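Residue numbers (the numbering used here): 3 to 68.
First the structure, in the form of structure tokens, and then the observations on it.
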């Protein structure tokens, strides 16, 4: 599973990008996006995805629906 960023809620603050251990987060069209091929929800490294722990916007970063 991977995480996704809601572009309508992203404020483009950039706080999440340096926290991602797999470097899956990058700027895209003025907001940030998560590459689902690289995102592993921080499994094996942290108890909680670091992007969620860092993001100040509620509901901005959520799991991709299967």
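Cβ coordinates follow ideal geometry from the N, Cα and C atoms, glycine included.
Remember, it's a predicted structure, so these values are computed and weren't measured experimentally.
For this session: Give the straight-line distance between the Cα atoms of residue 22 and residue 53, rounded to the nearest whole angstrom.
Result: 6 Å
Problem set entry | Euclidean distance between Cα positions of residue 13 and residue 36 | 15 Å
Problem set entry | Cβ shell of residue 4 (< 6 Å), same chain only, five flanking positions each side left out | 38, 41, 66
Exercise. Under three-state DSSP, which class holds residue 35?
Worked result: strand
For this session: Identify whether residue 65 lies in helix, strand or coil by the three-state DSSP scheme.
Result: strand
Exercise. Nearest-angstrom Cα distance between residue 55 and residue 18?
Worked result: 9 Å
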